[in-house]
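Structure record follows, encoded as structure tokens.
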């Protein structure tokens, strides 16, 4: 399926930014997993725009689980989550169908769907579809926790400001992130980020960032040697986060500058567990998890929707056009992308763990 | 399938580094495609180790096509390519089964396959399996050329030396790369790279690099909005290149530092074609190709096999061990990875074009 | 995905018999296909129980299309159809969870889902889930018609009464079937069937039948030589019709009694088209369509839910139990299964045609 | 993949009847399964033509396992089996490319592959490709036996002669079948079948039959409620047996004539196991195994290749033609199809068991 991800546990997204409802179907979850609606609500809140400069479009996200759950637990049959679109203002987007926004999918979607796609607010391409993804993610994260796997994502960098790095053992950092309203390890840096984002917004502009995820408690040996490597599967999913343009594991691009004697992580025994002395490889050797914390980063480009006027093209006339985007948009989606990154990571890992007998 | 990639055109790799034969099966190729055995031989030669400091293990790669080709053209049924392993020296690797090489899959593979995997030379994890992949890649590349799509990969950086960048229109660069014995755009930089690699080898060490690919002639609209984005599919495949630890599209991680007003690529008309003025997004908007050159980079870590002694663990005793790798290994696999990157890219793109009616 | 069918066009079913809503997601439909809501309503009506002896549970099936359609046409993005469950009476089924109905999925579902499945009315196993399948089928059938493919299913046999056979060119029969309220070619035989069904119902019992489908306008060459044969794909789908226990193509099991000289269908030319003189093979040679009408039959067992008391087991105590089913059930589901068979056939064929460039 | 079957354990067939080698790749087998080459040889012998009237083309089938096995056990990586084609006589088949044999895939394959397919001996459509399938089947059958699952197939009917039925507990029958050179339960009936086949061969004609399979030791709950039902998965695979035109489970088509009170199999407890009193449903309820013996039948049509002259068409001229098939062919492939049916059944069941945690 085209809008589906996962081999053993699969998630399909459907809906359009301004249609009546958006949703997802998750198939392959085993029976008996707890479904904590409060946790879903909490994760959805983190995904919603908030704070200075953020889009004023606030959807309360009153999700409904219409199948696959019975008396608070998964039944083992497909689980469907629906979220209504309440605060749609179709008028804001009418002109986008012929005048594509730079950096957006307006033009590429128009070519792909030959003009039949719902043009309102990005249609199926809208970041709004990450809401049902995050709702399902809350279930995945809880299922992982029951298997001893914890994960979390912080803003390693945003608007030119860096957060501090994860500790070598990120367990405490992950616990803190789960409570955090703004996804940073150092709250002071978080305030600096917010200020820098606000400044960009005031200039009618936008900024990007880098999201870093840590996962603890993964067993060694997850992934396949060819194609379905742990890195390949995760990156496949992560590029669905709107605006992600790069993915790196461990020291990533910095590894290209190292020598082998430095980049190799020596093995040693620690309380009967095989560990590595360093973790330049981010917990992955040969495409498989090695039991160390899994560490990766994604690059989030600045939000393409900006208030400042932009040059583009009127596809109906072929004439150059100046675009002034009227809708409400975030000057930086990086903070809101953190729970999406958590959710996609959880889907990939739960899928791999489910397929490993 | 676990060791398979592709939806409409799929490739499965099989074999072990020191088994009798390695090979691949390609299914889904339409009937009537020309199969140019000379081109396969040429691409296989680029993948083979060569030059100063390179591993002395030289396999002549006398591939055989045992099915799916009749009178020089694909039949439309599964195409199987076999390559014998001639220069195997199993003795070199005997001790690796209990003493895992840092940075390699020895330990993770041992856990995954519970000790049953063929331990000789990395077994199924060996970079040797990229040979049948490259043989198939030669067929994919020719099929793409017939559809007007050209692609090539250069060493953007290796051992601390940078090649020059692709031209804005990389057509001439791609033609030159196809003839090049060493995959760089600036031969002088290439010589500097070789010298730096040799220096590392003399020190018993290894180095990495960055591979950059350009693709021209792609139609707009390839990819899916969720999960099977063009970026997601490519990265999924590219992480199968041994030692790749990062993938970025367009300006990639550098985009995280830009503002939206700079990162957005404005649309304009050029001779009745919709193009963008800049190409910071690397030819991809919203996960779909936009008709501009597709540009991406991978980070290749330094070869984990180094001559210098390394600390590791003897898994049979739990005692620390010092490892001195006796086998012959490249001090830098980045140049040889270029045809592999071309082949995987060609598979992904041909698969997408085949599935697009 | 587990509850999904189709390679290029895929359909996922979700929901439980007595949950708030049931539905399906269809992905892979091209953009621009007309969506005729009146046709969906018409096909849903054929699937609903009616007539003497039928279950009194009548759901008006007020379906909603919540995504993938814009201004009356498919957008090319996932299409979700929802149907609320209005007439649920959970109380009727309460005791089924521990006392499995013979011939039903109560016991096997209990084992598979380890007791966590929604036990009400068969849960996800319910024939009720064929409603969204048929709603989607109406879209598939219209898409096939636009490609020149027509199909229909009649009750070849029901309650011991046989309908007449399809004409050698079933075009007129298919046109008549599309208008028919009761799916037979000979209305008189249809009345005899109804009378026989009613008689069984009065005896507290149930009956089965044989559904025969004809498809015209298929191009030759659809299917794959191994595994994804036209026959294999259709049978895979058709066994999802509740109560189907056999599938045969052309003369099917009768072919096992013939000699080759009789079973072979000789080729000849008819107005520049290659046709066969007879059609014992039902339009399929070597697993691929041959351009002749595709003909196949399914065996539908009698409805397992009967009014008469049955012996079974109380799984909570391990004691024998007598079961008296209180719910309202059809004495024969064969007539209602015809639009389901049409819908599944249309999905398989549209999927194959979509994947054939 | 097109010529691939299986979700967790997948098998891909490649090769042409008269190419240098045919083979298969099996992926997903866990590490450590024993690979018994003598058992492979034994099963291949059962698949080979033999006895009066059979084709004189005898291939010794000296298979080679080129990957995925190390020291007599599966490694967990893809297992490739190759079988050379030694006794090819391409000249026999030269005229088939333009003059399609009735009942064969010559015409449909020509359309599908647009004239590029290898025309010799059916090419990829050849029954010869069942040899590597059976070789892999021997491994699957052994893996099932280790899990307590036994299965076997007998000729329930051949050339108008019926074998006796499986006993209600088919364990003894299965043990006998494993030793049998001719796959029947009653050797006397087997001799009558052979005589009847020989008679048909003398008349230049061919005959078909019905294959019946029994499986014991399956746990309850295998299969999915929608689409991937146990019946749907098995039938999908079984229609790949050349000449199979029908599949039925339990009493199959005879169920369409029964009443529900007779067709339902009542549950009872037997030594703490839930069993059914009768087994009209063939061990499947609601698409899932119920723990009773799994019973199904396939209808095998008479071999299309017959010595008697047949009417057909010369596609190169459009003129009628008389075909006299010169190749050597079996007058009845039903006996040889039994190990193929065993192998496909074993693949489906092992796949389902592997995917069930």
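Chains as they are written, first to last, in this note's numbering: chain A, -4 to 352; chain B, -4 to 352; chain C, -4 to 352; chain D, -4 to 352.
Virtual Cβ for every residue (Gly too), placed ideally from N, Cα, C.
Short CB-CB distance (under 8 Å) between residue i and chain C
i, result
"residue 99 of chain A", "no"
"residue 3 of chain D", "no"
Residues near residue i by beta carbon distance below 6 Å, same chain, minus five either side
i, result
"residue 305 of chain B", "97, 318"
"residue 354 of chain A", "Not covered by the structure: residue 354 of chain A. The range shown for chain A is -4 to 352."
"residue 302 of chain D", "199"
Nearest-angstrom Cα separation, counted from residue j out to residue i
i, j, result
"residue 21 of chain D", "residue 22 of chain B", "14 Å"
"residue 233 of chain A", "residue 336 of chain A", "7 Å"
"residue 245 of chain D", "residue 176 of chain D", "26 Å"
"residue 310 of chain D", "residue 129 of chain C", "41 Å"
"residue 150 of chain B", "residue 157 of chain B", "8 Å"
"residue 185 of chain C", "residue 70 of chain D", "60 Å"
"residue 152 of chain A", "residue 248 of chain A", "16 Å"
"residue 140 of chain A", "residue 165 of chain B", "48 Å"
"residue 343 of chain C", "residue 132 of chain C", "11 Å"
"residue 117 of chain B", "residue 99 of chain B", "8 Å"
"residue 211 of chain A", "residue 276 of chain A", "15 Å"
"residue 43 of chain A", "residue 17 of chain A", "15 Å"
"residue 217 of chain C", "residue 40 of chain C", "31 Å"
Amino acids of chain D, ordered along the chain, whose beta-carbon sits closer than 7 Å to that of residue i
i, result
"residue 301 of chain C", "255, 256"
Chain B within 8 Å of residue i, Cβ atoms only
i, result
"residue 108 of chain D", "yes"
"residue -1 of chain D", "yes"
"residue 357 of chain A", "Only positions -4 to 352 of chain A appear in this structure, which leaves residue 357 of chain A out of reach."
Closer than 8 Å to chain A by CB, residue i
i, result
"residue 113 of chain C", "yes"
"residue 27 of chain C", "yes"
CB of residue i within 8 Å of CB of residue j, strictly
i, j, result
"residue 105 of chain A", "residue 12 of chain A", "no"
"residue 103 of chain C", "residue 273 of chain D", "no"
"residue 307 of chain B", "residue 316 of chain B", "yes"
"residue 206 of chain B", "residue 341 of chain B", "no"
"residue 173 of chain B", "residue 31 of chain B", "no"
"residue 357 of chain A", "residue 298 of chain A", "Outside the displayed range of chain A (-4 to 352) lies residue 357 of chain A, so it cannot be described from this structure."
"residue 213 of chain C", "residue 289 of chain C", "yes"
"residue 181 of chain D", "residue 209 of chain D", "no"
"residue 61 of chain D", "residue 15 of chain B", "yes"
"residue 127 of chain A", "residue 148 of chain A", "no"
"residue 362 of chain C", "residue 241 of chain D", "Outside the displayed range of chain C (-4 to 352) lies residue 362 of chain C, so it cannot be described from this structure."
Neighbouring residues, chain B, relative to residue i (Cβ below 9 Å)
i, result
"residue 343 of chain A", "Simply none; closest approach about 11 Å."
Contacts of residue i in chain A (Cβ-Cβ under 7 Å)
i, result
"residue 178 of chain B", "By Cβ distance, chain A contributes nothing, its closest Cβ being about 15 Å from residue 178 of chain B, past 7 Å."
"residue 226 of chain B", "234"
"residue 313 of chain B", "264"
Closer than 9 Å at the beta carbon, the chain D residues around residue i
i, result
"residue 62 of chain B", "9, 10, 11, 14, 15, 16, 17, 18, 113, 119"
Chain C residues whose Cβ lies nearer than 9 Å to that of residue i
i, result
"residue 152 of chain D", "251, 252"
CB contact check: residue i to chain D, cutoff 8 Å
i, result
"residue 242 of chain C", "yes"
"residue 195 of chain C", "yes"
"residue 31 of chain C", "no"
Neighbour list for residue i in chain D, Cβ cutoff strictly below 8 Å
i, result
"residue 71 of chain B", "107, 108, 109, 111, 112"
Neighbouring residues, chain C, relative to residue i (Cβ below 7 Å)
i, result
"residue 34 of chain A", "The contacting residues do not exist; residue 34 of chain A stays about 19 Å from chain C at best."
Residue i: contacting residues in chain B (beta-carbon distance under 8 Å)
i, result
"residue 269 of chain A", "102, 308, 310"
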